[in-house]
Amino acid sequence: MLSINLNGVFYANRAAVRKMKSAGYGRIVNIASIAGKEGNPLAAAYSASKAAVIGVTKSIGKDVAGSGVLVNCIAPAVIETPLVAQSTEEHIAYMTSRIPLARLGRPEEVASL
Numbered sequence: 533m534l535s536i537n538l539n540g541v542f543y544a545n546r547a548a549v550r551k552m553k554s555a556g557y558g559r560i561v562n563i564a565s566i567a568g569k570e571g572n573p574l575a576a577a578y579s580a581s582k583a584a585v586i587g588v589t590k591s592i593g594k595d596v597a598g599s600g601v602l603v604n605c606i607a608p609a610v611i612e613t614p615l616v617a618q619s620t621e622e623h624i625a626y627m628t629s630r631i632p633l634a635r636l637g638r639p640e641e642v643a644s645l
């Protein structure tokens with residue numbers, strides 16, 4: 533979980549920032565999760581990895597401040613994905629109970645961000 537969610541973001545950002553910084557312009561949008569802000573039960577590794585994405589994003593954003601490169605992340609709630617499909621109904625019910633619209637988000641909603 534950490535290798536994909538944290539290391540993947542870190543290495544992708546590092547590679548992108550090098551090119552963007554030399555060009556004097558760039559936009560990076562990392563995908564975190566509300567689980568990284570709140571911590572979800574039964575999802576410690578996932579929550580920790582997404583909290584780390586938020587921290588890495590803030591740090592890299594500060595590293596490149598003033599260079600023309602902006603680094604941000606979004607933290608959507610639960611999105612209807614194959615990963616969520618592997619969750620128990622109880623876990624999905626917990627997550628959706630905390631969402632004002634009381635439903636799973638759709639991938640296209642996140643993509644539009």
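Position in the sequence shown (first residue = 1) + 532 = this note's numbering.
From the three backbone atoms N, C-alpha and C, an ideal C-beta is built for every residue, glycine too.
Residue i vs residue j beta-carbon contact at 7 Å
i	j	result
PRO608	GLY637	yes
MET533	ALA576	no
ALA555	ILE586	no
ILE499	ASN545	Examination of residue 499 is not possible in this model, given that the chain is present from 533 through 645 alone.
Own chain partners of residue i with C-beta closer than 8 Å, once the 5 adjacent residues on each side are dropped
i	result
TYR626	ASN572 and PRO573
VAL642	ILE563, ILE606, PRO608 and ILE611
PRO639	ILE611, GLU612 and THR613
Helix, strand or coil at residue i according to DSSP, with G and I counted as helix
i	result
GLY540	helix
ARG546	helix
Residue(s) in a DSSP beta bridge with residue i
i	result
GLY556	None, per the DSSP bridge assignment.
Neighbourhood of residue i by C-beta, 7 Å cutoff - its chain only, sequence neighbours within 5 removed
i	result
VAL653	The structure shown does not extend to residue 653, since the chain is modelled only from 533 to 645, so the question has no answer here.
Cβ neighbours of residue i in the same chain (closer than 6 Å, five flanking residues each side left out)
i	result
GLY558	MET552 and VAL601
Quiz prompt | Length at least 3, wholly inside the region 561-611: the beta strand (DSSP E) runs in chain order | solution = The qualifying runs are 601-606.
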